[in-house]
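Peer 1: Residue numbers (full-length UniProt numbering): 1 to 492. Heads up, the beta-carbon is just placed ideally off N, CA and C, and yes, glycines get one too. In this text the structure is predicted, and so the values were computed from the model without any measurement.
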Ligand SMILES: NC(=O)c1ccc[n+]([C@@H]2O[C@H](COP(=O)([O-])OP(=O)(O)OC[C@H]3O[C@@H](n4cnc5c(N)ncnc54)[C@H](O)[C@@H]3O)[C@@H](O)[C@H]2O)c1
C-alpha cells in the first residue's frame with residue numbers, strides 16, 4: 001500500500017503506559033517519524049530521499065502461483081529502525097536470520113546486569129537472551145520501545161512474564177528444539193547401563209582389567225517403558241523400536257502410538273513389564289516424586305531407571321535404596337531437584353541436595369550435569385525457532401507460541417490485497433474493550449479479525465481493507481487512545 005507516496009510497507013506502534021502520545025498531524029510516514037522522535041532521544045534515520053534509500057519491498061516468489069495467493073511480507077516502515085539486542089552469544093544462524101530481515105542487530109557474547117539493561121533497553125524493539133540475563137519488572141518499565149523478548153533456551157524463569165505482558169511485550173522460547181538430542185542420549189544411556197559400561201570404563205581408568213559378561217545384556221528384544229509420550233517420549237519410541245526393542249508407554253492423555261508401541265492403562269502396569277523405565281513428564285505438582293519407594297518396588301528386579309525429565313520427578317533417596325539393594329539394576333540421572341548455577345569443581349556435593357555423595361557411590365549409575373538437550377544441533381534449532389518467532393511477531397503480529405501472551409494469528413495478506421492494513425492491539429482484558437474497537441472499525445471493511453485473552457491481557461489482530469492515509473491515521477489515533485490500550489501497532 002502506498003502511504004505518503006514513499007513506502008510500500010509500514011509499521012507504527014503506540015504504547016499508552018509508556019506515556020508516548022499518538023502523533024497529531026501529517027501522513028502515516030510522518031506519524032512514524034513523530035513516534036520515533038518522541039522516544040528516548042534515539043537518533044532517527046534520515047528520511048528516504050531517493051529510490052535506493054527507500055525500504056525494500058519484498059515478496060515470496062512461488063513459481064506459477066497466482067498473485068492472489070502469494071503472501072505479502074509485512075515489514076516495518078523503515079527496516080533500519082527495528083533494533084534488536086542479542087545477548088549471551090545466541091547462535092550465529094539467529095543473528096544472520098534477523099540481519100537478513102534488515103533489522104539492526106547488536107550482538108554481545110555476555111549477559112548484561114539489570115543496571116546496564118535499564119540504561120540501554122529503551123533503544124531496542126526486541127531483545128534475545130539465554131538463561132543468565134534477568135529481565136525484571138524494573139527493566140520492562142524502561143523498555144519504552146520493546147515489542148518482544150526471545151528466550152533462546154527452554155526455560156523462561158529469568159523473565160518476569162507478568163511484567164512483560166503488562167507492558168504489552170510478548171515472550172517466546174523454544175521448548176521442543178532439543179527433543180531429538182534427549183531421545184538420542186537415552187538410547188546411549190540404555191546401552192551403557194545394560195553393558196555396565198561406565199563401571200568398566202572407570203575400572204580401566206584406575207588400571208583394573210575386569211572382563212565380565214554376567215549381568216550384561218543387549219537391548220534388542222527388551223521392553224522400554226516410556227513415562228510421558230510427548231515430544232521426547234515419542235521420538236524415543238521410534239528410535240528404540242528401530243533397535244529391536246518393544247515399546248510401551250504411560251501418559252495421562254490417550255495418545256496415538258507410533259510404530260508398534262502400545263499405551264498401558266496405568267503406571268504400575270508399565271513398571272511391572274519394563275526392562276528400562278525412561279521418564280519424560282513435565283515438572284508438575286502431580287509428577288513430583290512420581291517415582292518413589294512404592295514405584296521402585298513395582299519395577300521388575302534388575303530393571304533400569306532413566307531420568308532426563310526434571311529432578312523433582314524421582315525421590316532420589318528411595319532410588320539410592322533401590323540401587324543399593326540391587327532391585328534396580330542401574331540408573332541414568334541427568335536432572336536434579338537443585339542444580340548448580342554454573343560449571344565448576346566440587347559443586348555436585350551433598351551440600352547441594354544432601355544425597356550426592358551416596359548417589360555417586362551406587363553401582364552402575366550414570367550421572368550427567370543436565371546435558372540431555374545440550375548439542376550444537378539443538379542450539380541451532382533453538383536459534384532458528386526463536387528468531388522465526390521474533391520475525392513473525394514483529395512483521396506479521398503473530399503471537400503463536402508466546403508463553404505470556406494470548407496466542408493470536410491471522411492468515412496472510414496476499415500480494416493481491418491492496419490497501420490493507422493490519423491492526424495489532426494489545427489491551428487490558430476489560431469488559432467494553434471490543435465494543436470500543438468495533439465502534440472504531442464499524443465504517444471500514446474488516447477482512448478478518450481474531451482476539452484472545454490470557455489473564456489480564458488481551459490481543460486483537462484485524463485486517464482492514466480499502467483504507468487510505470486518512471483512514472489509517474484515524475484508526476491509529478482512535479485505537480491508541482482507547483481506555484484499555486497497552487500497545488497499538490499497525491503493519492502494512
Ligand atoms: N534433560 C534435559 O536436558 C531436558 C531437555 C529437554 C526437556 N527436558 C524435560 O523433559 C520432559 C519432557 O519434555 P517433552 O518436551 O517431551 O514434554 P511434552 O510436554 O512434549 O511431553 C510431556 C508428556 O507427559 C505427559 N504427562 C504429563 N503429566 C503426566 C503424568 N502425571 N503421568 C504421565 N504422563 C504425563 C503429557 O501428557 C505429555 O504427553 C520435561 O520435563 C522437560 O522439561 C529435559
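Looking at the structure shown, is residue 453 part of a helix, part of a strand, or coil, going by DSSP?
Peer 2: Of the three classes helix, strand and coil, the one that applies to residue 453 here is strand, per DSSP.
Peer 1: What residue from 234, 407, 132 has the CA that sits closest to residue 342's CA?
Peer 2: Residue 342 has its Cα closest to that of 132, out of 234, 407, 132.
Peer 1: Could you confirm whether any beta carbon from chain C is found closer than 9 angstroms to the beta carbon of residue 112?
Peer 2: You won't find chain C in this structure, because it holds only one protein chain.
Peer 1: Using the beta-carbon count (16 or more within 10 Å), is residue 212 buried or exposed?
Peer 2: With fewer than 16 other Cβ atoms within 10 Å, it is exposed.
Peer 1: Give a single yes or no on whether residue 292 has its beta carbon closer than 8 angstroms to a heavy atom of ligand 1.
Peer 2: Result no, Cβ not under 8 angstroms from ligand 1.
Peer 1: Can at least three beta-carbon pairs, one atom from the region 308-321 and one from the region 281-299, be found at a separation below 8 angstroms?
Peer 2: They touch, by the three-pair rule.
Peer 1: Assign residue 78 to one of three DSSP states: helix, strand, or coil.
Peer 2: Low confidence applies here, because residue 78 scores a pLDDT of 39, under 50, leaving its location unreliable; read the following figure in that light. Coil at residue 78, not helix or strand.
Peer 1: Could you tell me which of 380, 439, 489 sits nearest to residue 176, measuring between CA atoms?
Peer 2: The candidate whose alpha carbon is nearest that of residue 176 is 380.
Peer 1: Let me check you understand the geometry: is the CB of residue 497 closer than 8 angstroms to at least one non-hydrogen atom of ligand 1?
Peer 2: Since the first and last residues shown for the chain are 1 and 492, residue 497 lies out of range.
Peer 1: Please go through the same chain and pick out, in chain order, the residues whose beta-carbon is closer than 7 angstroms to the beta-carbon of residue 25, but skip the five residues on each side of it.
Peer 2: For residue 25, the predicted structure reports a pLDDT of 36, less than 50, and the residue's modelled location is therefore unreliable. The matter cannot be settled from this model.
Peer 1: Just the C-alpha distance for residue 318 and residue 265, rounded to the nearest angstrom, thanks.
Peer 2: Rounded to the nearest angstrom, the two C-alpha atoms are 25 angstroms apart.
Peer 1: Could you tell me whether any non-hydrogen atom of ligand 1 is closer than 8 angstroms to the CB of residue 152?
Peer 2: Flag unset: Cβ of residue 152 not near ligand 1.
Peer 1: Take residue 401 as the anchor and find which of 173, 119, 235, 368 has the nearest alpha-carbon.
Peer 2: Of the listed residues, the one whose Cα sits closest to residue 401 is 173.
Peer 1: Could you tell me which of 468, 443, 436, 471 sits nearest to residue 460, measuring between CA atoms?
Peer 2: Nearest of 468, 443, 436, 471 to residue 460, Cα basis: 436.
Peer 1: Specify, as a first and last residue, the run of the alpha helix (DSSP H) that residue 266 falls within.
Peer 2: Residue 266 -> no alpha helix (DSSP H), and no H or E assigned at all.
Peer 1: Rounded to whole angstroms, how far is the Cβ of residue 129 from the Cβ of residue 152, which I believe are closer than 8 angstroms?
Peer 2: The pair is a contact, with the Cβ atoms about 7 angstroms apart (cut-off 8 angstroms).
Peer 1: Pull up the distance between the alpha-carbon of residue 447 and that of residue 441, whole angstroms please.
Peer 2: Distance between the alpha carbons of residue 447 and residue 441: 11 angstroms.
Peer 1: By how many angstroms is the C-alpha of residue 467 removed from the C-alpha of residue 414?
Peer 2: Distance between the alpha carbons of residue 414 and residue 467: 16 angstroms.
Peer 1: Where does residue 492 fall in DSSP's three states?
Peer 2: Note: residue 492 maps to coil in three-state DSSP.
Peer 1: Hey, residue 237 and residue 253 are a contact pair by Cβ (cut 8 angstroms); roughly how many whole angstroms apart?
Peer 2: So it is not a contact: roughly 15 angstroms between Cβ atoms.
Peer 1: Using the C-alpha atoms, what's the distance from residue 201 back to residue 210?
Peer 2: Between residue 210 and residue 201, the C-alpha separation is close to 10 angstroms.
Peer 1: Going by CA-CA distance only, name the one from 421, 112, 388 that's closest to residue 476.
Peer 2: The shortest Cα separation from residue 476 among 421, 112, 388 belongs to 421.
Peer 1: Would you kindly check if the distance between the Cβ of residue 362 and the Cβ of residue 332 is under 9 angstroms?
Peer 2: No.
Peer 1: Going by alpha carbons, who is nearest to residue 93 out of 453, 388, 164, 407?
Peer 2: Per the Cα distances, 388.
Peer 1: Determine contact between the region 402-409 and the region 217-233, defined as no fewer than three beta-carbon pairs at a distance below 8 angstroms.
Peer 2: The answer is no - the region 217-233 does not touch the region 402-409, with fewer than three Cβ pairs under 8 angstroms.
Peer 1: On the premise that residue 404 lies in contact with residue 165, defined as a C-beta separation below 8 angstroms, what is that separation, rounded to the nearest angstrom?
Peer 2: Yes, residue 165 and residue 404 are in contact; Cβ-Cβ is about 5 angstroms, under 8 angstroms.
Peer 1: Since residue 323 and residue 189 are thought to touch, with beta carbons under 8 angstroms apart, how far apart are those beta carbons, to the nearest angstrom?
Peer 2: In fact, because the Cβ distance is near 15 angstroms, the residues do not count as touching under 8 angstroms.
Peer 1: By alpha-carbon positions, which one of 242, 214, 208 ends up nearest to residue 223?
Peer 2: Per the Cα distances, 242.
Peer 1: For residue 183, which option in 85, 374, 416 has the closest C-alpha, if you only look at C-alpha atoms?
Peer 2: When each option's Cα is compared against that of residue 183, the closest is 374.
Peer 1: When the Cα of residue 203 is compared with those of 364, 386, 438, which residue comes out closest?
Peer 2: With distances taken between Cα atoms, residue 203 lies closest to 364.
Peer 1: Would you mind reading off the limits of the beta strand (DSSP E) that contains residue 276?
Peer 2: Per DSSP, residue 276 belongs to the beta strand (DSSP E) from 276-279.
Peer 1: Is residue 300 helix, strand or coil by DSSP?
Peer 2: Coil.
Peer 1: Taking the alpha helix (DSSP H) that residue 383 falls in, what are its first and last residues?
Peer 2: 376-391 is the extent of the alpha helix (DSSP H) around residue 383.
Peer 1: Indicate the three-state DSSP secondary structure (helix, strand or coil) for residue 358 in the structure shown.
Peer 2: It is helical.
Peer 1: Is any non-hydrogen atom of ligand 1 found closer than 8 angstroms to the C-beta of residue 283, if you look at the structure I gave you?
Peer 2: Because some heavy atom of ligand 1 lies under 8 angstroms away, the Cβ of residue 283 counts as near it: yes.
Peer 1: In chain order, what residues of the same chain have a beta carbon less than 6 angstroms from the beta carbon of residue 247, not counting five sequence neighbours either side?
Peer 2: Excluding sequence neighbours, residue 247 sits near 224, 237, 240, 241, 261.
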